[in-house]
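*Asks:*
Residue numbers (full-length UniProt numbering): 1 to 89.
Below, the structure written as structure tokens:
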């Protein structure tokens, strides 16, 4: 499980990404790469990692549900996700 500090860090990074999004778009459109380099490093969307909201797992996370594949399977088998059933053929 990811530490609480890592999860809080990603929350801070998401706030930074939102704050600098408009400025980043303007600088990209103008081609001002020196201006982009002056922005905070964590304001880039590529540095953001998506964690599972239940377990903190960072790999194999479904964006739609914001949970890991393992928790998605467990919740689907328990009937906690409406409309999702186990495939059988």
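Just so it is clear, CB atoms sit at the ideal spot from N, CA and C, and this is done for glycine as well.
Owing to the predicted nature of the structure, the values given are computational and were not obtained by experimental measurement.
1. What do you get for residue 51, buried or exposed, if any count of 16 or more other CB atoms within 10 angstroms of its CB means buried?
2. What residue does the alpha helix (DSSP H) around residue 51 start on, and which one ends it?
3. Is residue 46 buried or exposed, if buried means 16 or more other CB atoms sit within 10 Å of its CB?
4. Can you pull the DSSP bridge partners for residue 61?
5. If I measure Cβ to Cβ from residue 28 and keep anything under 6 Å in the same chain, skipping five residues before and after, which residues do I get?
*Replies:* By the coordinates alone:
1. Start at 1 with the first residue of the chain shown, and residue 51 comes out as number 51. By the neighbour-count criterion, in which 16 or more other beta carbons inside 10 Å mark a residue as buried, residue 51 falls on the buried side.
2. Working through the chain shown from its first residue, we reach residue 51 at position 51. Where residue 51 is concerned, there is no enclosing alpha helix (DSSP H), given that its DSSP letter is neither H nor E.
3. Here residue 46 corresponds to residue number 46 of the chain shown, with the count starting at 1. Residue 46 should be labelled exposed.
4. Looking up residue 61 in the chain shown gives position 61. In the DSSP output, where bridge partners are listed per residue, residue 61 has 68.
5. Taking the chain shown and counting its residues from 1, one reaches residue 28 at position 28. Excluding residues within five positions, none has a Cβ falling inside 6 Å.
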